[in-house]
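What follows is a set of notes on a single structure, which appears directly below.
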């Protein structure tokens, strides 16, 4: 009870579900929440400008590239994973490809058979030049 860290619960709801006995051939483009229990043979991409979440259960498999802001993997991905937000690899996660992440959480037992590549978060403040530099640049010209 004491000193137990509570994980923040995801507030994202599941808008779409690919069931356990379903196999999709082709790219899946979604917004909101997508939960995969079945198999996807193609890329899984979230629409731009959305704070979408992909969850892949221990029964799920994706054979293709994954490009989503936030992803929770407990199944198998054969392809690269690109996430601008949070990547969570649960104990049964198996990724055969590279993982491009800003923030990652890996449970004991998860596997990445590829490279882990950290990318800086895409915050609007990252591209802002401090005022001192702007003034100095203006005075130098």
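In the numbering used here, the protein residues as written are 14 to 154. The beta carbon of each residue, even a glycine, is placed where N, CA and C say it ideally should be. Remember, predicted model here, so these are calculated numbers, not experimental data.
For the pair residue 110 and residue 126, the Cα-to-Cα distance works out to about 6 Å. By the CB criterion at 8 Å, residue 70 and residue 97 fall outside the cutoff. Leaving aside the five residues that flank residue 33 on each side, the residues in its chain whose CB is nearer than 7 Å to its CB run, in chain order, 50, 51, 72.
Judged by DSSP secondary structure, residue 101 falls within the beta strand (DSSP E) whose first and last residues are 99–102. The three-state reading of DSSP puts residue 29 in strand, counting E and B together.
Of all alpha-carbon atoms in 29, 128, 122, 104, the one lying nearest the alpha-carbon of residue 95 is that of 128.
Shown here, residue 128 sits in coil according to DSSP, grouped into three states, outside any helix or strand.
Residue 72: not part of any beta strand (DSSP E); DSSP gives it neither H nor E. Less than 8 Å separates the beta-carbon of residue 79 from that of residue 92. Spatial neighbours of residue 26 in its own chain (CB-CB distance under 8 Å, excluding positions within 5 residues in sequence) are listed in chain order as 45, 46. By the neighbour-count criterion, in which 16 or more other beta carbons inside 10 Å mark a residue as buried, residue 77 falls on the buried side.
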